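**Q** Before we start, here is the structure in question, set down as structure tokens.
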Amino acid sequence: MITGSRKSPRPKVTPVQVDGRRRIARILRTHALPANTNAYTLFNMAAPTGAQDAVLKPSDPVPQGAVPVVGLDFDKFAGRNITAAEMVESMTNMGFQATSVGQAAQIINGMREWRDEETGQGTTIFLGYTSNLISSGLRETLRWLVQHKHVSAIVTTAGGVEEDFIKCLAPTYLGSFSTAGASLRAKGMNRIGNLVVPNSNYCAFEDWVVPIFDKMLEEQEASKDTEEPINWTPSKMINRLGKEINDERSVYYWAWKNDIPVFCPALTDGSLGDMLYFHTFKASPLQLRVDIVEDIRKINTIAVRAKRAGMIILGGGIVKHHIANACLMRNGAESAVIINTANEFDGSDAGARPDEAVSWGKIKVDGDSVKVYAEATVVFPLIVASTFAKVA
453 MITGSRKSPR PKVTPVQVDG RRRIARILRT HALPANTNAY TLFNMAAPTG AQDAVLKPSD
513 PVPQGAVPVV GLDFDKFAGR NITAAEMVES MTNMGFQATS VGQAAQIING MREWRDEETG
573 QGTTIFLGYT SNLISSGLRE TLRWLVQHKH VSAIVTTAGG VEEDFIKCLA PTYLGSFSTA
633 GASLRAKGMN RIGNLVVPNS NYCAFEDWVV PIFDKMLEEQ EASKDTEEPI NWTPSKMINR
693 LGKEINDERS VYYWAWKNDI PVFCPALTDG SLGDMLYFHT FKASPLQLRV DIVEDIRKIN
753 TIAVRAKRAG MIILGGGIVK HHIANACLMR NGAESAVIIN TANEFDGSDA GARPDEAVSW
813 GKIKVDGDSV KVYAEATVVF PLIVASTFAK VA
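Under the working numbering, the first residue of the sequence shown is numbered 453, with each subsequent residue one higher.
Encoded structure:
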């Protein structure tokens, strides 16, 4: 039996070949090519579809209200000087930390503008800052805020208290970050970053503060058996020292004059602690006593009674947490601006973003907050110039 020959089956076309044919067809439709152009040349004139799909992936529609990135256009201010407020406002849509600076100004202006409909009471603003900022020239900005009653309460460290008084007695000087510690120590100089404080400044501080401690101890002992015994607290001590310094350059002179409480839960952690330590020997067996419990009740009560609470915190550590924890007593602050250089990878409170405070109830779930990752002496004067110091 003779069987006819069978036709060879048509080879299957691979996906690569299909892709190649489509690419060739696309090129032929869009290019005028010589008649002798071969398939290999045509195939290599088009990018692989997979690569094109990866690179040119279609976008979803941009959400309504999306804000375009726009920087500071100096042409808009041609022929005149730009103000700090205009610059900060223009930074809001720049991106990165410039946007955070702009948002900080917006939040602070919101704190200042808010009024309770029934009582007319404004936002209770807690200001916190670390000691190095008083050592720096930012002290004058902080003093101005207190002098003009722009804040309701302050939290700082021991250094943030004593350095203010010391600067009334003798200056702090500009130095260098790179000056050798051993060389400075031999000369009786103390370095704070690129600032230098002579040891003689602390000697002058001792000469000034110890006689005040003597008076405070006398008053404490004399009132023991009265109906109103004197119970010194860190805030009462700072208030007294602010009165005694009687110097308008001082932050705490204005805090005393304007009845703005200054809280320092770690009052002994600095030169003030050194002076209190030495005073225990001088006054023995009597002792000057400082009660921190009365102060925790006082700051927490201020937070609880506030119609609205705002936090402005420069730096981290105890000043940041003490304010935030007071606001926990009212289920969180309505607004918060935090400025420091710390990051959250180590779990520190200083590095924590505001959203972590939301989880603890220290900032309200619907509160306005921002953290500016910056060194405070660079950005805070700009923020103050565009908020508290801005002429309406």
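Ideal Cβ placement from N, Cα and C applies to all residues, glycine included.
Note that the structure is a prediction, hence the values are computed from the model and not measured.
1. Tell me which residues share the same chain as Gly574 and place their Cβ nearer than 7 Å to its Cβ, disregarding the 5 neighbours each side in the sequence.
2. Give me, in chain order, the residues of the same chain whose beta-carbon lies closer than 6 Å to that of Thr839; leave out the 5 immediate sequence neighbours on both sides.
3. Can you confirm whether the stretch 785 to 794 touches the stretch 809 to 821 when touching is taken to mean that 3 or more C-beta pairs between the two stretches lie within less than 8 Å?
4. I want to know whether the stretch 592 to 606 touches the stretch 700 to 720 - three or more CB-CB distances under 8 Å.
5. Taking Asp807 as the reference, give the member of Lys676, Lys823 and Phe797 with the closest Cα.
6. Using the rule of at least 16 other Cβ atoms within 10 Å of the residue's Cβ for burial, across every protein chain shown, is Asp768 buried or exposed?
7. Could you tell me the boundaries of the alpha helix (DSSP H) in which Pro686 lies?
8. Can you check DSSP and say which residues form a bridge with Ser821?
9. Buried or exposed for Lys814, going by 16 or more other Cβ atoms inside 10 Å?
10. Could you name the residues of the same chain whose beta carbon sits closer than 6 Å to that of Met453, not counting the 5 residues immediately before and after it, in chain order?
11. I'd like the list of long-range same chain contacts for Ser588, defined as Cβ closer than 6 Å, with 5 residues on each side in sequence excluded.
12. Mind checking whether Ala778 and Asn752 have CB atoms under 8 Å apart?
13. Pick helix, strand or coil for Val843, following the three-state DSSP scheme.
14. Give me, in chain order, the residues of the same chain whose beta-carbon lies closer than 6 Å to that of Ile682; leave out the 5 immediate sequence neighbours on both sides.
15. For Arg805, I'd like the list of residues in its chain whose CB is within less than 7 Å of its CB, leaving aside the five on either flank, ordered along the chain.
16. The beta strand (DSSP E) with Pro650 in it runs from where to where?
17. Where Val648 and Glu658 are concerned, what is the direct C-alpha to C-alpha distance, given to the nearest angstrom?
18. Opposite Leu626 in the DSSP bridges: which residues?
19. Using the three-state DSSP reduction, which class does Phe832 fall into: helix, strand or coil?
20. Does the stretch 696 to 706 come into contact with the stretch 612 to 619, if we say contact requires no fewer than three beta-carbon pairs (one atom in each stretch) closer than 8 Å?
21. Please state the DSSP three-state secondary structure of Leu579.
22. Can you tell me whether Leu693 is buried or exposed? The criterion is at least 16 other CB atoms within 10 Å of its CB, across all chains shown.
23. Could you give the DSSP three-state label for Thr551: helix, strand or coil?
24. In whole angstroms, what is the alpha-carbon distance linking Glu569 and Gly762?
25. What residues in its chain sit with their C-beta under 8 Å from that of Arg782, if we drop five residues either side in the sequence?
26. If you reduce the DSSP assignment to three classes, tell me which class Asn683 lands in.
27. Since Ile770 and Thr609 are thought to touch, with beta carbons under 8 Å apart, how far apart are those beta carbons, to the nearest angstrom?
28. CB-CB under 6 Å to Ile690, same chain, minus the five flanking residues each way: which ones, in chain order?
29. List the whole-angstrom C-beta distance separating Asp726 from Pro686, where the pair is believed to meet the contact cut-off of C-beta under 8 Å.
30. Using a Cβ cut-off of 8 Å (strictly closer), state whether Met563 contacts chain D.
31. Taking the DSSP output, what are the residues bridged to Thr544?
32. Distance check for Trp706 and Arg595, CA to CA, integer angstroms please.
33. Please identify the residue among Ile697, Val598, Met668 and Thr624 whose C-alpha is closest to the C-alpha of Asn651.
**A** Checking against the coordinates, here is how it stands:
1. So the list reads Trp566 and Arg567, once near-sequence residues are dropped.
2. Ala557, Ile560 and Asn561
3. yes
4. yes
5. Lys823
6. One detail in the question is off: residue 768 reads as Gly in this sequence, not Asp. Buried, since its Cβ has 16 or more Cβ neighbours within 10 Å.
7. Pro686 to Ile697
8. Ala788
9. buried
10. Bear in mind that a pLDDT of 49 at Met453, under 50, signals an unreliable position, so the model cannot answer this.
11. Excluding sequence neighbours, Ser588 sits near Thr829.
12. If you check the CB distance, Ala778 and Asn752 come in under 8 Å.
13. coil
14. Glu671, Gln672 and Ser675
15. Glu796 and Lys823
16. Per DSSP, Pro650 belongs to the beta strand (DSSP E) from Leu647 to Pro650.
17. Computed Cα separation, rounded: 19 Å.
18. Leu647
19. helix
20. With a cut-off of 8 Å, the stretch 612 to 619 and the stretch 696 to 706 count as touching, because enough Cβ pairs lie within range.
21. Strand.
22. Result: buried.
23. helix
24. 17 Å
25. Ala755, Val756, Ala758 and Ala761
26. coil
27. 6 Å
28. Val613, Tyr704 and Val714
29. At roughly 16 Å, the Cβ-Cβ gap does not stay under 8 Å, so Asp726 and Pro686 are not in contact.
30. Of the chains in the structure shown, none is chain D; there is only one protein chain.
31. None, per the DSSP bridge assignment.
32. 7 Å
33. Thr624
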